[in-house]
Amino acid sequence: HAALSRRYVLCEVISEDPRCRQCIEDRVLGLAVRDAITRVHGDYGLACCSISFTVKYLNAYTGTVLLRCRKDSYRLLCSALPFVRHLESRGQRYPCSLNTLHVGG
405 HAALSRRYVL CEVISEDPRC RQCIEDRVLG LAVRDAITRV HGDYGLACCS ISFTVKYLNA
465 YTGTVLLRCR KDSYRLLCSA LPFVRHLESR GQRYPCSLNT LHVGG
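Quick note on numbering: the sequence shown equals residues 405 to 509 in the numbering used here.
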């Protein structure tokens, strides 16, 4: 069943720049994660992860993020998350990192 073949990755956005929280949006975060996957695993890794990758929940106030991906590609996703170094929004780059808190599903 497709509904049972998902993994959820709970992360927090860590940044010393308070403006970083203001730019946290689904699209911005999704692009940063996809970029990290491409840098670490190339086009193949991105293709594997992109099939059902989505930002399911995001709270800019707390910096909490819930990512969803396919069960068979969650290791590719998790191994790329430490390589997210910044979020880019409206022409500005804000240094940050993603700390993985839990993987479930």
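Don't be surprised by glycine CBs; every beta carbon is placed ideally from N, CA and C. As the structure is a prediction and not an experimental result, all values here were calculated from the model.
Gly446 - containing alpha helix (DSSP H), residue span: Where Gly446 is concerned, the enclosing alpha helix (DSSP H) stretches over Asp430 to Ser454.
First and last residue of the uninterrupted alpha helix (DSSP H) at Ser483: Segment Tyr478 to Ala484, the alpha helix (DSSP H) holding Ser483.
Coarse secondary structure for Cys427, derived from DSSP in three states: In the structure shown, Cys427 sits in coil (DSSP, three-state: anything other than H, G, I, E or B).
Exposed unless 16 or more other CB atoms sit within 10 angstroms - verdict on Arg423: Per the 10 Å Cβ criterion, exposed.
Separation of Tyr461 from Leu470, as counted between CA atoms: About 5 Å.
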